[in-house]
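Each residue of the sequence shown is one higher than the one before, counting from 509 in this note's numbering.
Note that CB positions come from ideal geometry on N, CA and C, so glycine has one too.
Model, not experiment: these values are computed from the prediction.
The block underneath contains the structure these notes are about, expressed in structure tokens.
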Amino acid sequence: MTDNCSGRKFRKQGEPQENKNRVETEGQETGYVWADTHLPPYLPYPRFLLKMDITQTAKLLYALLLDRTTLSQKNGWQDESGRTYIIFPVTAIADALDKSPSTIKEALNELDRAGLLERRRQGFSTANRLYVKLPPVVQISGLLTARKPDL
């Protein structure tokens, strides 16, 4: 890098570009994934979302809600009909995804219109119950892949 009189730095031709978004952990560079590497927590991203005509924000939101649903399953958050629900205030979702509450509301409406989400009002100033839904094709394929193969 070279400086000019204005204080701005310029890269010489052939010099590698600095990557400001590079992930470092405790002063060490990132490493490769090995057979025994423990992965960091991650969101499930269903493949059917890749083919859906919804915004990327709605897709990411669905992945976050689906992840939260697995926690509700473990904690026994089922309604009187046995359906698993989550309670996740819009402001908390906005913080988690680094989006504005209005953007999250638009994405929730988009998921609702796509049939991937159902919202039930709980009362005044109480977060809605959110029911994350799966397309029928995914439900069927999930049953098929959940079986152990016959040997």
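If you draw a 10 Å sphere on the C-beta of Y570, you find 16 or more other C-beta atoms in it, and that means buried. Proximity to P554 across T545, D575, N636, A543 peaks at D575, based on C-alpha coordinates. Under the three-state reduction of DSSP output, L625 falls in the strand class.
Linking P643 to P552 through their CA atoms gives a straight-line distance of about 16 Å. In the structure shown, the three-state DSSP call for R555 is helix. The region 600-607 and the region 581-588 do not touch, with fewer than 3 CB-CB distances between them shorter than 8 Å. Taking the C-beta atoms as reference points, V640 is found no nearer than 9 Å to L616. For R637, there is no enclosing alpha helix (DSSP H); the residue is part of the beta strand (DSSP E) that begins and ends at 637-640. When only Cα atoms are considered, L619 and K607 end up about 16 Å apart.
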